[in-house]
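Student:
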Amino acid sequence: MNTPIAGTYDIRLLVLSVAIAMLAAYTALDLAGQVRTASGYARIGWLLGGAIAMGTGIWSMHFVGMLAFCLPIPVKYDILKILLSILAAILASGCALFFVSQEVMGIFNLLAGSLLMGLGIITMHYTGMAAMQMPAHIHYNYMLVGVSIAIALIVSLVALWLAFHLPDRSTSANRQQKIVSAIVMGAAIPIVHYTGMAATSFHAEEVAEMRSVMNLDSSVLSTTIGILTFAILGLALLISLETTAIERTVALANLEREIAERQQIEQRLQCEQAQKLEQALQELQHTQAKLFHTEKISSLGQLVAGIAHEVNNPVNFICGNLSHAHQYIQDLIHLLNLYNQKFPHPGDDIAKEIAAIDLEYLLADLPKMISSMKLGTERIKEIMQSLRNFSRVDGTAKKTVDIHEGIEATLMILHYRLQANSNRPEIQVIKQYGSLPQIECYIGQLNQVFMNLLANAIDALEESNHGQTFAEILQHPNMIKITTSAEDGYAIIKIADNGAGMTEAVRLQLFDAFFTTKPEGKGTGLGLAISYQIITDTHNGSLQCFSTLGKGTEFVMQIPLATGIANDSVVAISATC
Numbered sequence: 009m010n011t012p013i014a015g016t017y018d019i020r021l022l023v024l025s026v027a028i029a030m031l032a033a034y035t036a037l038d039l040a041g042q043v044r045t046a047s048g049y050a051r052i053g054w055l056l057g058g059a060i061a062m063g064t065g066i067w068s069m070h071f072v073g074m075l076a077f078c079l080p081i082p083v084k085y086d087i088l089k090i091l092l093s094i095l096a097a098i099l100a101s102g103c104a105l106f107f108v109s110q111e112v113m114g115i116f117n118l119l120a121g122s123l124l125m126g127l128g129i130i131t132m133h134y135t136g137m138a139a140m141q142m143p144a145h146i147h148y149n150y151m152l153v154g155v156s157i158a159i160a161l162i163v164s165l166v167a168l169w170l171a172f173h174l175p176d177r178s179t180s181a182n183r184q185q186k187i188v189s190a191i192v193m194g195a196a197i198p199i200v201h202y203t204g205m206a207a208t209s210f211h212a213e214e215v216a217e218m219r220s221v222m223n224l225d226s227s228v229l230s231t232t233i234g235i236l237t238f239a240i241l242g243l244a245l246l247i248s249l250e251t252t253a254i255e256r257t258v259a260l261a262n263l264e265r266e267i268a269e270r271q272q273i274e275q276r277l278q279c280e281q282a283q284k285l286e287q288a289l290q291e292l293q294h295t296q297a298k299l300f301h302t303e304k305i306s307s308l309g310q311l312v313a314g315i316a317h318e319v320n321n322p323v324n325f326i327c328g329n330l331s332h333a334h335q336y337i338q339d340l341i342h343l344l345n346l347y348n349q350k351f352p353h354p355g356d357d358i359a360k361e362i363a364a365i366d367l368e369y370l371l372a373d374l375p376k377m378i379s380s381m382k383l384g385t386e387r388i389k390e391i392m393q394s395l396r397n398f399s400r401v402d403g404t405a406k407k408t409v410d411i412h413e414g415i416e417a418t419l420m421i422l423h424y425r426l427q428a429n430s431n432r433p434e435i436q437v438i439k440q441y442g443s444l445p446q447i448e449c450y451i452g453q454l455n456q457v458f459m460n461l462l463a464n465a466i467d468a469l470e471e472s473n474h475g476q477t478f479a480e481i482l483q484h485p486n487m488i489k490i491t492t493s494a495e496d497g498y499a500i501i502k503i504a505d506n507g508a509g510m511t512e513a514v515r516l517q518l519f520d521a522f523f524t525t526k527p528e529g530k531g532t533g534l535g536l537a538i539s540y541q542i543i544t545d546t547h548n549g550s551l552q553c554f555s556t557l558g559k560g561t562e563f564v565m566q567i568p569l570a571t572g573i574a575n576d577s578v579v580a581i582s583a584t585c
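Just so we're aligned: the sequence shown equals residues 9 to 585 in the numbering used here.
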């Protein structure tokens, strides 16, 4: 005797299933843009990864929705059929991403894609229903089954149309459009599932066997599936975000190249002008320098801040998981060692595979590789923080810091330029640090000044090495001397090199915007001008240059130890070169 039984829904799991559907929809829309813009093997990779991420999300919504349906009888699930339902969802997602990645979405592609995707979703749903094992029979209302199929086809049609017509470029308006589309799709997808559930009725085999079953296992299972789904979809979005950040970096490089080309064109035009326009051109150049600097710093600051923020998110995620990965690897190595102790003579197949993969080398090298990756991510974080500091040149609050830490950090970044190479020995850095108190300053800007001055010193030394052999340079080694002291309420920082020096005419123009002695394409002529502005205007100090042709150059900075010291009270400084 079959007795109809009624089920109830766990509202919390129902809401979770809708949330998963919306996140899966947003991920699908985001990945569709990546698949459409990629090519070659990258396109295949995005297509496969997107199908897995999107299919997993759709299936998770369906399965959590099933777990939300509570029956007063015990329910188990056939693992094989569950896996088949997951495969159906992944195949449906792959078909959808394939069709929306085409250059033209004709009516045939739209209908064929929606048909395949809709049938895949329906197959996933009813295969999942067939996976239920319980002391009851499932009966279907075929009219509602037909309605669920029709809804699946309509939802697939709308989803493909939205995914194809969303712009590829990521702007604020496009993100809002994508979010709205994801909400619409995420609300529509569960309708297919719950219409299919409405078409289902359950009839128990024996009334005596009906009893209340605790939903603890279902809650734990649904929560676990939800967490894993959010992790998979989140990882897919992070990878997509990192790809977008790389594309923006390329766009930034193109912008820099365009600016450099325009500067070269401007310089050629200035050389071609008649003598009578020289004064007018100089005035125009001065005005243009101010405008160019303001606009460039503003635009680059926004771009760099955005890139640094977007790169930092996946880097922090990777860095945070490397520690866990290292521990997991240690656990696996420990397990392998125990296995070797218990079973020192494995079978021939295992021994052959151990030799093929060089297990001993792998176990020794893998922890080192994880450590190297951790160092690499830490370096990326340091670089991103430097970019963020640069992008907030005018907005960062003053901080009380040790100037020496900024100098040491800059030397660490420039270490690769200081070390020996095939053309010259290592550049010696002589540090004579005095006893300086902590100074209230804009540390990010001061680090930028240190970077400009030290990089210029290295350039000057390398230029002075032209025509000399390695042995000749070794007899008179390249040196950079950094001296700090406190005098009359000021911190004095001196950076000197023993390079070729410069003429008086060059020294007088050194802090002018766009003035450079470097070849075209190797300098913008803004580094020292910006450094001068940071020291004199922002920090109320002074920046001076002393140079003797053939002996070297010395830059001297004076920064007030306390805020409020007037700029006209700077102390007199004598040159040491």
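Here a beta-carbon is modelled for each residue, glycine too, at the ideal position from N, C-alpha and C.
(1) Touching or not, the stretch 505 to 515 and the stretch 532 to 544, by the rule of three or more beta carbon pairs under 8 Å?
(2) Please tell me whether L461 and I411 are closer than 8 Å, where the distance is taken between their beta carbons.
(3) Please identify the residue among F458, Y347 and L371 whose C-alpha is closest to the C-alpha of Q338.
(4) Have a look at I115 and S122 and give me their C-alpha separation to the nearest angstrom.
(5) Measuring only the C-alpha atoms, how far is M218 from P80?
(6) Under the three-state reduction of DSSP, which class applies to K406: helix, strand or coil?
(7) CB-CB under 6 Å to L22, same chain, minus the five flanking residues each way: which ones, in chain order?
(8) Determine, using beta-carbon pairs with one atom in the stretch 324 to 338 and one in the stretch 377 to 385, whether at least three such pairs fall under 8 Å.
(9) Indicate whether N486 and I421 have their beta-carbon atoms separated by less than 8 Å.
(10) Contact defined as beta carbons within less than 8 Å: I believe A100 pairs with L124. What is the distance between those atoms, to the nearest angstrom?
(11) Check each candidate in L127, Q566 and T561 and name the one with the smallest Cα separation from D545.
(12) Could you tell me which uninterrupted beta strand (DSSP E) segments, each at least 3 residues in length, are contained entirely in the stretch 324 to 372, listed from first to last along the chain?
(13) Is A29 helix, strand or coil when you go by DSSP?
(14) Can you name the start and end residues of the alpha helix (DSSP H) that T135 belongs to?
(15) Touch check for the stretch 493 to 512 and the stretch 542 to 558: three-plus C-beta pairs under 8 Å?
(16) Put M510 into one of helix, strand or coil per three-state DSSP.
(17) Quick check on D467: does DSSP put it in helix, strand or coil?
(18) Quick one: Cα of D505 to Cα of L260, how far?
(19) For K406, tell me which candidate among D38, Q453, T418 and R432 has the shortest Cα-Cα distance.
(20) For Y498, which beta-bridge partners are listed by DSSP?
(21) Between the alpha carbons of A104 and V163, how many angstroms are there, rounded?
(22) So, P198 versus M74, is the Cβ gap smaller than 8 Å?
(23) Between which two residues does the alpha helix (DSSP H) harbouring T418 extend?
(24) So who's on the other strand from S555, going by DSSP bridges?
(25) State yes or no: is the C-beta of V437 nearer than 7 Å to some heavy atom of the ligand ADP?
(26) The alpha helix (DSSP H) that contains S209, what's its start and end?
(27) How big is the Cα-Cα spacing for K439 and I488?
(28) Between the alpha carbons of L31 and I187, how many angstroms are there, rounded?
(29) Please go through the same chain and pick out, in chain order, the residues whose beta-carbon is closer than 6 Å to the beta-carbon of I490, but skip the five residues on each side of it.
(30) What is the DSSP secondary structure of F519, reduced to helix, strand or coil?
(31) Any idea what DSSP makes of A144, helix, strand or coil?
(32) Between I94, I146 and A139, which has its C-alpha nearest G128's C-alpha?
(33) Can you tell me whether F210 is buried or exposed, with buried defined as 16 or more other CB within 10 angstroms of its CB?
(34) Please state whether the Cβ-Cβ distance between I481 and L426 is less than 8 Å.
(35) Distance, Cα to Cα, I447 vs G507?
(36) Given D86, which residues of its chain have a CB within under 7 Å of its CB, disregarding the five upstream and five downstream residues?
Tutor: A quick look at the data gives this:
(1) no
(2) Against a cut-off of 8 Å, the Cβ pair of I411 and L461 comes out as no contact.
(3) L371
(4) 11 Å
(5) Residue placement at M218 is poorly supported in this model, since its pLDDT is 39, which falls under 50; the coordinates are not used for a value here.
(6) K406 falls in the coil class under three-state DSSP.
(7) A76
(8) The stretch 324 to 338 makes contact with the stretch 377 to 385; the number of CB pairs closer than 8 Å reaches 3 or more.
(9) no
(10) Yes, they are in contact, since the Cβ atoms of A100 and L124 sit about 7 Å apart, within 8 Å.
(11) Q566
(12) Segments of the beta strand (DSSP E) lying fully in the stretch 324 to 372: there are none.
(13) helix
(14) I115 to A138
(15) yes
(16) Coil, per DSSP.
(17) helix
(18) 33 Å
(19) Q453
(20) Residue pairing by DSSP places Y498 opposite E495 and P568 in a beta bridge.
(21) Between A104 and V163, the alpha-carbon positions lie close to 12 Å from each other.
(22) no
(23) Segment I411 to I421, the alpha helix (DSSP H) holding T418.
(24) T561
(25) Looking for the ligand ADP in the displayed structure turns up nothing, as the structure carries no ligands at all.
(26) Not the alpha helix (DSSP H): S209 falls in the beta strand (DSSP E), residues T208 to A212.
(27) 9 Å
(28) 9 Å
(29) Contacts found: K439 and I503.
(30) Coil.
(31) strand
(32) I94
(33) buried
(34) no
(35) 31 Å
(36) Exclusion of the five residues before and after D86 leaves A139 and Q141 as the residues of its chain whose Cβ lies within less than 7 Å of its Cβ.
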